[in-house]
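See below for the structure under consideration.
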Amino acid sequence: MIKYTDQSNAARQIPLWHPSGEDLDADINLDDVDIGMWMDTSLSNIDFHGSHQYSMAQAGHEESAIQMQATGQSQQFRRESQAATGSDSAPSITTSWPLNSSATYPRSLQNSSPEGQASMATLSSESRSVDVIGRGDGPTSLDQRPGFYAICVGLSGEIDPYVYRYLLHKDSGEFSISKHMYRSVTAPNTDESSSRSHLGSALPPSIPIQFCLTSNEVGEETKKLGPVYPTAADEAAQKSLDHLVSPANVRRLLPLFMEHVFPALPVISRSELTRFILSPYSAHAEEGQSFPPYLLAAIYASSMSFGAYDAHVCLSKMWEGYSSPELWQLVYNGISLEIHTPRLATVSAALLYLNKAPVGNQFLAADSPFIWSFMASTVALATSLGLHLDCSNWNIPNWEKRLRRRLWWGVYSEEKWRSVLMGRPSLIAGDQWIVSEPTADDFDIDTPPVSVRDLPPEVDDFLQHLEMVRAKSENGLLFRHLIRLARIVDDVSTALYTIQAVRCLADNLTRSVEKVKPLRERLTVWYRSLPSSLQMFRESTGTAVPDFINSNACLHFAYMVVEILVYRALVRPLGGLALDEQQKPGQHDEPFRSFLAHAEAILAAAENCASLISTYVERLASRDFAGFWYSWSRLGFATASSFVTILLAQAPSTEHAITSQRLVDKWRQTLTYQSRSFPYMTLGVVRMNTMHWSRLKLFQNGRYVESEPSV
132 MIKYTDQSNA
142 ARQIPLWHPS
152 GEDLDADINL
162 DDVDIGMWMD
172 TSLSNIDFHG
182 SHQYSMAQAG
192 HEESAIQMQA
202 TGQSQQFRRE
212 SQAATGSDSA
222 PSITTSWPLN
232 SSATYPRSLQ
242 NSSPEGQASM
252 ATLSSESRSV
262 DVIGRGDGPT
272 SLDQRPGFYA
282 ICVGLSGEID
292 PYVYRYLLHK
302 DSGEFSISKH
312 MYRSVTAPNT
322 DESSSRSHLG
332 SALPPSIPIQ
342 FCLTSNEVGE
352 ETKKLGPVYP
362 TAADEAAQKS
372 LDHLVSPANV
382 RRLLPLFMEH
392 VFPALPVISR
402 SELTRFILSP
412 YSAHAEEGQS
422 FPPYLLAAIY
432 ASSMSFGAYD
442 AHVCLSKMWE
452 GYSSPELWQL
462 VYNGISLEIH
472 TPRLATVSAA
482 LLYLNKAPVG
492 NQFLAADSPF
502 IWSFMASTVA
512 LATSLGLHLD
522 CSNWNIPNWE
532 KRLRRRLWWG
542 VYSEEKWRSV
552 LMGRPSLIAG
562 DQWIVSEPTA
572 DDFDIDTPPV
582 SVRDLPPEVD
592 DFLQHLEMVR
602 AKSENGLLFR
612 HLIRLARIVD
622 DVSTALYTIQ
632 AVRCLADNLT
642 RSVEKVKPLR
652 ERLTVWYRSL
662 PSSLQMFRES
672 TGTAVPDFIN
682 SNACLHFAYM
692 VVEILVYRAL
702 VRPLGGLALD
712 EQQKPGQHDE
722 PFRSFLAHAE
732 AILAAAENCA
742 SLISTYVERL
752 ASRDFAGFWY
762 SWSRLGFATA
772 SSFVTILLAQ
782 APSTEHAITS
792 QRLVDKWRQT
802 LTYQSRSFPY
812 MTLGVVRMNT
822 MHWSRLKLFQ
832 NGRYVESEPS
842 V
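By this note's numbering, the letter at position 146 of the sequence shown is numbered 277, and the numbering carries on one by one without gaps.
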């Protein structure tokens, strides 16, 4: 427990949890601190891991289960809804799909090799075909319009949506000119009627949301000005993909992706994936574009990081060589080509590419300028496709609405974390997007209309596996909480780290505290809102270890990085403080003595923050490293290294210098040991070793305490 006393001498306790399950005791006396003027009492206490007996605001969120049961000549899709009552989940199904990889591709992309034909012949002799009735008779997809790509019409662009709404066809909401089509995604005449009904009404007219659908032929012309690719790029990419990923592995990599990557990066549509899987068995298969070769390559490459959890994939990696770098090259080439004619799949692949694991010496270096440039391109793609707009009432399929919303928040989160951890100006302005936070409904799966004569059991198992993965991830619970944390990160960056903010706050402790107080309150609320399924395992409470790998450790570490950023901004104005010289009795007036007391409280809290994150990382086990970690997490470890170093570099007294030196030594030792199991910490080790090698003589500060070389 952390115990502290406020001005009213009311003793209060905040429980602090460590990964070991132990409580730490530390007393911070703030009797003489004018809390009302300087800071909220919570600033002197880090509520990292409080008592976790909290429930979700929507404790009764529903889960839907799709069970596919093949019975002779018919197959039923049954949807069951039940309230989630805990974190228990069914064990995963190990899917064994002894089919050729081409069976997962649309007919136009099926493998025509002798091996592929033989495999398909075997399939035909084992099972009859499935008559899949496409996507039904619902709204027309923007993303899947054959031969066209859709770009959002901006409100200030050379095309005025307020003019073009009068040109749209009254029934279809579309009109065509040459190789372009203009489409309103609201109901026909909605924009016009709402504008007229606005007269004498307090309701504002609806904003016209339109898209320009351009023929792919136009995009092909612009592609000629860029890198040279094969004439039939998709077919060439598909052949390369078939060569890199063996047919036996294809069926195993998809379940690995859905179980380990999708809960943290839900960047594909499972409804479309279901149709994609069923399409080879359909007599009326659609020419789907949801899963082009470069997106499949990104899915397979992301899954290979978890190949150890599938015996076949693990052995094939050992004997056939690791093909991940070649797959990522296919991804990059595909994105570079399709950036001229983008689709939702382009953004999906870009997010997966940004989160690919570094290789070799990349672990030792900071992100190159290419990463930020690629991030900017991804944001540009997202806004070009209109992902920054609220699509809830658009006349498009439900699966597309859900995917668009998840993709926007994936781009938003990625940009905000990389912006603050790389120290770059944010690319997404707060007043230029309008999308509500994701909910459990954004993780629904459509029930595809099908007429089944027979279906291979392996395919049936995989479709059931999709639903079981959703149950374990509790409808994107981790992703949804990460998004809420990313919004706080954005406000932390805006309030404390923009150029203008640093100019105002760098030397002003009072303003810094005023800015920090609401941010820390939001962080406390965020952490206390975490449901039990997102908590870290604690032996002392008897909490059962989950029967599946998750990314909870990454989520908790991300939270601690935000705490570090907050306290780093608080200690920033204390750089010139020298407490040993300034704390002589009677030397200063009351206001300055009050300032020194507040400075002491802030330094104690910052040192406590550094100690907590060091202990947290020290207690992480191999199981915590086994889950998916966002690529930007490695910058978080380096950020923590900078934080403990600045505490030592500007230590204002011998006592604080001794404390900070111990923190530096402990953090460096922890990273050195743990990085052997988790290379994402390597950049943090490099930062610490740089300081250790120089014995901190890089700093113009004589108050530090030098240590002898250690581990």
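Glycine residues also receive a C-beta, built at the ideal position from the N, C-alpha and C atoms.
Phenylalanine 574 and leucine 385: beta carbons closer than 8 Å?
-> If you number the sequence shown from 1, residue 574 lands on position 443. If you number the sequence shown from 1, residue 385 lands on position 254. No, the Cβ-Cβ distance between phenylalanine 574 and leucine 385 is not below 8 Å.
So, do the region 428-436 and the region 598-618 have three or more beta carbon pairs nearer to each other than 8 Å?
-> no
Where the alpha helix (DSSP H) containing serine 434 begins and where it ends = Counting from one through the sequence shown, the residue named residue 434 turns up at place 303. Run containing serine 434: 424-435, per the alpha helix (DSSP H) assignment.
Quickly, what does DSSP pair threonine 345 with across the bridge? List them, please.
-> Counted from its first residue, the sequence shown places residue 345 at position 214. Looking at the DSSP assignment, threonine 345 forms a beta bridge with Tyr280 and His311.
Per DSSP, the bridge partner or partners of phenylalanine 306 | On the sequence shown, position 175 is the one that residue 306 refers to. BP columns for phenylalanine 306 point to Tyr313.
Does DSSP classify leucine 384 as helix, strand or coil?
-> Locating residue 384 in the sequence shown gives position 253, where the first residue counts as 1. In this structure, leucine 384 counts as helix in the three-state DSSP scheme.
Inter-residue Cα distance where the pair is arginine 276 and arginine 383 | For this step, residue 276 is matched to residue 145 along the sequence shown. For this step, residue 383 is matched to residue 252 along the sequence shown. In a straight line, the C-alpha of arginine 276 is about 30 Å away from that of arginine 383.
Between which two residues does the alpha helix (DSSP H) carrying aspartate 755 extend?
-> On the sequence shown, residue 755 is found 624 positions in, with the first residue counted as 1. Segment 753-757, the alpha helix (DSSP H) holding aspartate 755.
Do the CB positions of valine 510 and tyrosine 484 come within less than 8 Å of each other?
-> Position 379 of the sequence shown holds residue 510. Position 353 of the sequence shown holds residue 484. The answer is no: Cβ separation not under 8 Å.
Pairwise C-alpha distance: lysine 648 and alanine 120 = Limits of the chain in this structure are 132 at one end and 842 at the other, which puts residue 120 out of reach.
By DSSP, does glutamine 198 sit in helix, in strand, or in coil?
-> The residue given as residue 198 occupies position 67 in the sequence shown. Low confidence applies to glutamine 198: its pLDDT is 33, below 50, so where it sits in the model is not reliable, and the reading given next is rough at best. Glutamine 198: strand per DSSP, three-state reduction.
Kindly give me the distance between the Cβ atoms of leucine 597 and threonine 803, rounded to whole angstroms, as I take these residues to be in contact under 8 Å.
-> Along the sequence shown, one-based indexing puts residue 597 at 466. Along the sequence shown, one-based indexing puts residue 803 at 672. About 41 Å separates the two Cβ atoms, so there is no contact after all.
Go to histidine 687, then tell me how far its alpha helix (DSSP H) extends in each direction, as first and last residue.
-> Within the sequence shown, the letter at position 556 stands for residue 687. From DSSP, the alpha helix (DSSP H) with histidine 687 extends over 683-702.
Serine 557 vs serine 624 beta-carbon contact at 8 Å = Position 426 of the sequence shown, counted from the start, is the residue given in the question as residue 557. Position 493 of the sequence shown, counted from the start, is the residue given in the question as residue 624. In contact: serine 557 and serine 624 (Cβ atoms closer than 8 Å).
Return the CA-CA distance between leucine 458 and isoleucine 466, expressed in angstroms with no decimal places.
-> Against the sequence shown, residue 458 aligns to sequence position 327. Against the sequence shown, residue 466 aligns to sequence position 335. So the alpha carbons of these two residues sit roughly 13 Å apart.
Cα-Cα separation between valine 381 and serine 346, rounded to whole angstroms = Here residue 381 refers to the residue found at position 250 when the sequence shown is read from its first residue. Here residue 346 refers to the residue found at position 215 when the sequence shown is read from its first residue. Between valine 381 and serine 346, the C-alpha separation is close to 32 Å.
Is cysteine 635 buried or exposed, if buried means 16 or more other CB atoms sit within 10 Å of its CB?
-> Position 504 of the sequence shown, counted from the first residue, corresponds to residue 635. The residue in question, cysteine 635, is exposed, as its Cβ has fewer than 16 Cβ neighbours within 10 Å.
How long is the line joining the alpha carbons of arginine 537 and glutamate 546, rounded to whole angstroms?
-> In the sequence shown, counting from the first residue as 1, residue 537 sits at position 406. In the sequence shown, counting from the first residue as 1, residue 546 sits at position 415. Going by the C-alpha atoms only, they are around 14 Å apart.
Taking all protein chains shown into account, do 16 or more other C-beta atoms lie within 10 angstroms of the C-beta of histidine 374, making it buried, or fewer, making it exposed?
-> Residue 374 sits at position 243 when you count from the first residue of the sequence shown. Exposed is the call here.
Ordered along the chain, which non-local residues of its own chain (more than five positions away) have a Cβ less than 6 Å from that of valine 349?
-> Sequence index remark: in the sequence shown, residue 349 carries index 218 (1-based). Contacts found: Lys310.
Proximity of tyrosine 280 and proline 473 at Cβ, strictly below 8 Å | For the purposes of this step, residue 280 is identified with residue 149 of the sequence shown, where counting begins at 1. For the purposes of this step, residue 473 is identified with residue 342 of the sequence shown, where counting begins at 1. In this structure, proline 473 lies closer than 8 Å to tyrosine 280 by Cβ.
Take the Cβ of alanine 496 as the centre, count every other Cβ of all protein chains shown within 10 Å, and call the residue buried at 16 or more, exposed below.
-> The sequence position of residue 496 within the sequence shown is 365, counting from 1. Looking at its Cβ environment, which holds fewer than 16 other Cβ atoms inside 10 Å, alanine 496 is exposed.
Sub-8 Å separation of tyrosine 811 and arginine 750 beta-carbons | Residue numbering aside, residue 811 sits at position 680 when the sequence shown is read from its first letter. Residue numbering aside, residue 750 sits at position 619 when the sequence shown is read from its first letter. Result no, Cβ atoms of tyrosine 811 and arginine 750 do not sit closer than 8 Å.
Taking the alpha-carbon positions, what's the serine 303 to serine 315 distance?
-> Position 172 of the sequence shown, counted from the start, is the residue given in the question as residue 303. Position 184 of the sequence shown, counted from the start, is the residue given in the question as residue 315. Straight-line Cα distance between these residues: approximately 9 Å.
May I have the straight-line CA-CA distance separating glutamine 666 from glycine 278, to the nearest angstrom?
-> The sequence position of residue 666 within the sequence shown is 535, counting from 1. The sequence position of residue 278 within the sequence shown is 147, counting from 1. Cα atoms of glutamine 666 and glycine 278: separation of roughly 47 Å, rounded to the nearest angstrom.
When the Cα of isoleucine 340 is compared with those of Arg703, Ser742, Ala617 and Thr514, which residue comes out closest?
-> Residue numbering aside, residue 340 sits at position 209 when the sequence shown is read from its first letter. Of the listed residues, the one whose Cα sits closest to isoleucine 340 is Thr514.
Does DSSP classify glutamate 605 as helix, strand or coil?
-> In the sequence shown, the residue the question calls residue 605 occupies position 474. Here glutamate 605 sits in coil by DSSP.
For tyrosine 811, does the three-state DSSP call read helix, strand or coil?
-> As a first step, residue 811 must be located in the sequence shown, where it is residue number 680. Of the three classes helix, strand and coil, the one that applies to tyrosine 811 here is helix, per DSSP.
Measure the CB-CB distance between threonine 477 and leucine 520 and report whether it falls below 8 Å.
-> Against the sequence shown, residue 477 aligns to sequence position 346. Against the sequence shown, residue 520 aligns to sequence position 389. It is not a contact, given that the beta carbons lie outside the stated cut-off.
The alpha helix (DSSP H) with arginine 634 in it runs from where to where?
-> For the purposes of this step, residue 634 is taken as the residue at position 503 of the sequence shown. Its alpha helix (DSSP H) spans residues 630-636.
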